[in-house]
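Asks: Per mature numbering (1 follows the signal peptide of the UniProt record, and there is no 0), the sequence shown runs over residues -20 to -1, 1 to 1185. The structure under discussion is supplied below as structure tokens; questions concerning it will follow.
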Amino acid sequence: MHTFNKYLIVTVYMWILGSSRDCAGSSLWGMKTAFTRPCVWQLNKTAIIPPLEELSVCVNLMRTISNSEWTAFDYKGPGQHHMEFGLAGNMGNVIASLFGEKWTVAYDMPIKMWHTVCLTWSSHNRLFHVIINEAVFEFPLNENSPKYLAANGTLSLGVSHNFVGGSIDFETGKNFLGYMSLFRMWGVQMNPQQLDARRCVDGNIVTWREQDWDYQKCPPIPDDNFLCESSKYKIQMNTAIAQNVINNTENDIQEIVLIWLKQVFPQKISVHSVFLSNLREVPKFSPRTGAGLAGQHMEEIQGTVKSPIKTQWFDCVVFVRVIPAADVRETVSKIQGLLIPIYSYNNILLKTNPASINILSVAVFPNVTSNPALRTTVAPVSSTNITISGTRTSSQTLAMENICLITSGLISNRDFGDIFYRVYLNLTMSGSITDPQHTIQQWLQQTLGKCNMDVWNLAIKGGPKYITTFHVQAKAPGNVTATERLIFELLTKGYTSATISIIVPSGEVNISHIDPGLCPEETMLTAYGIYMWPEMTAQSEYSMGCVRGNEIATRFCKLNGATDRAVWDHPDMSKCIPTVSDFDGLENITVTADNSADIVDMIEDLLKEQSDLNDAQMDIVLEKLSQVTEVGTLTTDLSSDITKIVSDICYIKTSPTQINKILSITDLMGDRTVFEGDAHNMTAPSLALQLINPDTSQFHGLTFEVSSLLNDSTPEIFYDKNFTVHPDTGTVAFISLPHAIESFFPNNGARPRVQFQFYGKENFFEDATANMKLNSYVVSASVTNATVSNLEIPVMVTLRHLQNKEDWDTVTCVYWDFNKNNDKGGWNDTGCETVMSNATYTSCSCDHLTHFGVLLDLSKTPISAKDERILTIISYLGCGISSIFLGVTLLTYLSFEKLRRDYPSKILINLSVALLGLNMLFLVNSWLASFNSSAICITVAAIQHYFFLATFTWMGLGAINMYLALVKVFNSYVPSYILKFCALGWGLPLLVVSLVLAIDINSYGTSLFRALFQESTAFCWLKNDVTFYVTVVSFVTLVMVCNICVFVVVLVQIRKMRVNKPSSSRKGFLHDLRVVASLTFLLGLTWILTFVAWGAAKTPLLYLFSLLNSLQGFFIFLFYCLMKDNVRKQWRIHLCCGRFRQTEYSDWSRSVTPGAKAKGGQKVSSPSMKSETTSERKSSDTSNSGTSHNAVFLTQDRKQLKEGI
């Protein structure tokens, strides 16, 4: 043994010396080659292209400079001058070549963008395909086209080439300018779907690896665009095994290789299958490697020792699965690094020649089920890299290995199938233990794994003395009795380290051999086609090709932990392409218990591809879901998937006939879902189910609440095992069941099931016959196999309103009646009463269980948030415009003394001041409220209230003055007429505001309203509803009634004047319309719109109301400045220049005929001038003669109104 160890070190050294000469080429995945300067890549001479009958070639390329002609790649047979196959471009077209013939594809590939181009050909169907970015172009070949691709040719990337005098000459001027990556070639023709499935797979003829390419001065550069993930890899390597025993067979070496790979690979890398070939005593090497040097030295060593080291070389092909899928380049590098170090096992050395390692990502694994000895089973979770706190001593390790070897040597009768055992034992564990289950699993796997055994289905109870049971799988070949004794010896040795101690008394171990049988042959009808699974042994996996596509479907035959029998696991068909691609195909599938999960997956895929379904497609989906809930085994995972589908359906417009079907599906699913424990919940956007199996011995009621909705509309739910009348603050939906529902629980001893459901999509429940709108989400409760009704203690339901309820709104507590509207379903209020309702919530009491909601009268439904924002914008813009024109109006009337001599003008000035104050304060109200000062907000609200009342007071006074001037004409003296109007117009609002402040100053304050671009913002106004109705609504109503009466009387009076004075009727309809419009805005009659904005016409009328009232100041300017003759005259006199300027006596001069003279040589005076002078004289004499000064102005007012105001 000493001699062996001595020369073993020398052997290792020579191996390292020989293998360090060269190393296999690394992967180029994640790399690109830059053809931004004159550059060329050639296929390495060691990479030979055979004579192919089919091929597929793919490359990714990006042009950075637009040149008229370019060549991406060019393959020529030996000595050929024509392009055997290649890809080029010319003037925006792509040119594909095959057998010297060129095909032009009208496809422009923009520069500075990556494009994927594939060429496929088959001599069998004689079709040549060009695939560019999923666009497929097909070209048929003639009958005389070659059957085989020229073999052993030359391939260049980035430039075309020719043969000149036997050497390669690269063509210039047609270089590809840009970047290229992932050039791969397969020896089979593939369709676009197959090529897409291989976007992360190496070619089997030409790969994207350094060893296949000669790039000289153009090394590849990294590019994250080509990071690609794959889970399947093929490892090819040349390996040596050195030991001082007789020659091993391939089966013996294979077992050692399996142990080696399972030890060096991390948990996420599992071995699928191992193939050995070419077992020999001479290493396989090429001139490029140093394996021969190592072999030479090893022979010298063997020749100098008495106990020779026996070395055998073999080729090894390993298929591994990486879970989760990882980047190809990183995975290849990692696997290669794990395989290079020398591995020692029981005085046996394994060494892989680094230069021989070749790792490729592959699309599928080989089917090796016919030869189970050449594959490994799926490793248990903790079967690799087991680490227990503390380390096993070398003596312990050697002792354990000796036990395995001695026991193996005693075996004379070998079973060539895996052997299974059920083990019961009691163990005591002490020390630093955080996870007993994990620690025991690690100990068992490390202890038994040394002897080629796996541990499954571990279950423990108790502590620190643990009752433990598990299965042991002993790999073939083996002997039942000897292996059972071996398990006993290994387990009773226990384990001791610095941190933990495991003791297993020999009297508390029970090991029994079990025969799990076979998983039965089974035919499955799935969404992916029909699959026939053969009989399989326990803990083995069977693979078969997918019905559609080139991937594989797998199914694991597992050992059931409870029954000790082999049972099929659910098949993995995730890589397969569904044979059903539309709803018509789905309709033809028969739903069974076995394919229920596949049907649900199929529906999920179809809904992802098509989110908008017609009624026929929706009926198919609902019918299949209904069948799944009836016949399928509803695990929690399957029910969760169904819940997500129903959630998606809630967002699709459904017909009234389908609502009942959907509700029935969720009800049946809730009744049949199998779960552990007392409760289970399932949530999805806008949908939630809470399932409860109550304990009848301690039942006091149940309460279900939805506290909130997350950002994706997923409900946050919880329940309580008590009956509660009132919900928590902020609850979205609440339902509480009294103790009385216990009488509806089953009497056959079965445990009852209560389920709660929440639907967060109110538009889903449509009842065309209802004249009310659902203003809450829907919540329901039910007891399995029971109809709960006529409860003495009612069910309490509280639902939050989707839109705040106004005081005048009517709400009704309702439930969904499945029998209403000819079994289509609809809302019904029978058995439900409204207990309480405020602005945000409504509480109901009902004597039965079903789906509950709250309806709101549509005629009183608030306007939408969108309309409210638009109305707010209109109000702000209108008030801003009105403020400008009110300012111009005031400036005009205050600047020109002649315009403010009469009473209407003075009333107009006061009205404009009040309206300007109201508009200006409205514009800055929200800004002042943002200071969050109570004093500021109360002050702003009081001033706003004051200007509001003053505006309506002056509109009312204007109506009174109009009535006195036009209808009730009098000549009695009214002292200080306009002064009294001012006292009333400004004093009455002040009195009202003062009373409000004196009675309750907190009537003013901050309230919320919808802002321009936010949900809500602060606004200073009246907070008290009583104060609002008394001081605003009633005040406005009184003024409007008064003004309407005056408006009607004035119109009648004007009409009489027109009849009595026919000459005035010539002014026509437009003049009358102007009179009506001017009076409407002057008297504020547009405010009437807010009193009639109800029902369907509410929104249009509110738009009209906001537009007209916010622009009231502009219309006052329009009718009482811009369209008034005397105002325009004053503008022209004082503001205009040049020919637009008007002198003060221009009207008089125009009234006299040029050159005309009166008798006596005097000029004729203007009638208007005379009238004006007479009036002024009258005015100056009234105080002495007793004639009313006010009567003069009233007479003037009456005259103005006669003339049309």
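Just so it is clear, CB atoms sit at the ideal spot from N, CA and C, and this is done for glycine as well.
1) Helix, strand or coil for L790, going by three-state DSSP, please let me know.
2) For A131, count neighbouring Cβ atoms within 10 angstroms of its own Cβ and tell me buried if that reaches 16, exposed if not.
3) How would you write the range of the alpha helix (DSSP H) that E813 sits in, first residue to last?
4) Which value, in whole angstroms, describes the spacing of the CA atoms of L836 and V791?
5) Skipping 5 residues on each side, what residues in its chain have a beta carbon closer than 8 Å to that of V323?
6) How many Å lie between P551 and I850 at the Cα?
7) Could you have a look at T311 and say whether DSSP puts it in helix, strand or coil?
8) Using the C-alpha atoms, what's the distance from I320 back to F156?
9) I need the DSSP call for L471, collapsed to helix, strand or coil.
10) Quick check on DSSP: helix, strand or coil for R1009?
11) Under 8 Å between the Cβ atoms of S862 and F703?
12) Helix, strand or coil for T1066, going by three-state DSSP, please let me know.
13) Check each candidate in Y873, L1018, S688, V460 and name the one with the smallest Cα separation from L1102.
14) Identify the residues that DSSP records as bridge partners of S660: which are they?
15) On the DSSP bridge list, what partners appear for Y404?
16) For C1116, is the classification buried or exposed, using 16 other Cβ atoms within 10 angstroms of its Cβ as the cut-off for buried?
17) Could you check the C-alpha separation between T1011 and T933 for me, to the nearest Å?
18) Residue range of the beta strand (DSSP E) that A713 falls in?
19) What are the boundary residues of the alpha helix (DSSP H) that includes I639?
20) Since I believe P726 is in contact with L771 (beta carbons under 8 Å), could you give me their beta-carbon distance rounded to a whole number of angstroms?
21) Measuring CB to CB, does T100 end up less than 8 Å from M170?
22) May I ask which residues mark the beginning and end of the alpha helix (DSSP H) holding S576?
23) Using the C-alpha atoms, what's the distance from F400 back to I494?
24) If you drop the 5 nearest sequence neighbours on each side, which residues of the same chain put their C-beta closer than 6 Å to that of S943?
25) Roughly how many angstroms lie between the CA atoms of F961 and L968, to the nearest whole one?
26) Near C526, what residues of its chain come up, given a Cβ to Cβ distance below 8 Å and the 5 sequence neighbours on each side ignored?
27) Could you check what DSSP says for R1112 in three-state terms: helix, strand or coil?
28) Here's the rule I'm using: 16 or more other beta-carbon atoms within 10 Å means buried, otherwise exposed. How should V1032 be labelled?
29) If the criterion is Cβ atoms closer than 8 Å, does the pair S620 and K741 meet it?
30) In the DSSP output, which residue or residues are listed as bridge partners for K331?
31) So, at 7 Å on beta carbons, what are the nonlocal neighbours of R545 in its own chain, with the 5 sequence-adjacent residues on each side left out?
32) Taking all protein chains shown into account, do 16 or more other C-beta atoms lie within 10 angstroms of the C-beta of T709, making it buried, or fewer, making it exposed?
33) Can you tell me which residues form a DSSP beta bridge with L32?
34) When you compare the segment 78 to 91 with the segment 54 to 66, are there three or more beta-carbon pairs, one atom per stretch, that lie closer than 8 Å?
35) Tell me the rounded alpha-carbon separation between F255 and N184.
36) Counting only the same chain and skipping the five closest in sequence on each side, list residues whose C-beta sits under 7 Å from that of V1019.
Replies: Reading it off the structure:
1) Leu is not the amino acid found at residue 790; the sequence shown has Thr there. Coil, per DSSP.
2) exposed
3) Looking at the DSSP string, E813 is not in any alpha helix (DSSP H); the run it does join, the beta strand (DSSP E), is 812 to 817.
4) 5 Å
5) Here residue 323 is Tyr; the residue named in the question, Val, does not match the sequence. Excluding residues within five positions, the ones whose Cβ falls inside 8 Å are W240, Q243, V244, L329, L330, K331.
6) 57 Å
7) helix
8) 39 Å
9) helix
10) Before going further, note that residue 1009 is Tyr rather than Arg in the sequence given. Residue state, collapsed to three classes: helix.
11) no
12) helix
13) Y873
14) In the sequence on display, residue 660 carries His and not Ser. BP columns for H660 point to L671.
15) T449, N490
16) exposed
17) 12 Å
18) 713 to 717
19) 636 to 652
20) Their Cβ separation, rounded to whole angstroms, is 18 Å, which puts L771 and P726 out of contact at 8 Å.
21) yes
22) 576 to 589
23) 6 Å
24) Note on identity: in this sequence residue 943 is Tyr, with Ser being the wrong assignment. V1026, listed in sequence order.
25) 10 Å
26) Y508, G509, I532, A533, M553, K555, C556, I557
27) helix
28) exposed
29) no
30) A220
31) P496, G497
32) exposed
33) BP columns for L32 are empty, so no partner.
34) yes
35) 18 Å
36) F932, M935, G936
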